[in-house]
Amino acid sequence: MMCDGILGLSFSELSDDKDTLIDSLYKQGYIESRVFSVYLSDNWELGTDTSSNIILGGSDPETFGEGDKITYLKVFKETGY
């Protein structure tokens, strides 16, 4: 089986119909929705409140700039792009 990606955050249709990490966490009740968000910080010091992170199951409003909105991008299940 060929793999693409570090955590497999794509659709199950692109992973030989196996559950992805997000699917598995959702089905087990660990996350409320099948989404993830990425926060990229320009602060290089690890362990600070503004370190970069991936949030599974939602987003962290405290990482938004004042007046900023979430941008959702459409991804096609057939290709993953």
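In this note's numbering, the protein residues as written are 15 to 95.
Just so you know, even glycine gets a beta-carbon here, dropped at the ideal spot from N, CA and C.
Alpha-carbon spacing of residue i relative to residue j, whole angstroms
i: I68; j: V49; result: 11 Å
i: L87; j: S51; result: 11 Å
i: K91; j: E27; result: 7 Å
i: G71; j: Y44; result: 8 Å
i: T85; j: D56; result: 19 Å
i: K41; j: F78; result: 28 Å
Nearest-angstrom beta carbon gap, residue j and residue i [assumed within contact, 8 Å]
i: S47; j: T34; result: So it is not a contact: roughly 14 Å between Cβ atoms.
Three-state class that DSSP yields for residue i in the structure shown
i: S51; result: strand
i: L87; result: coil
i: L23; result: coil
i: I45; result: coil
Cβ pair residue i, residue j closer than 8 Å
i: D74; j: Y53; result: yes
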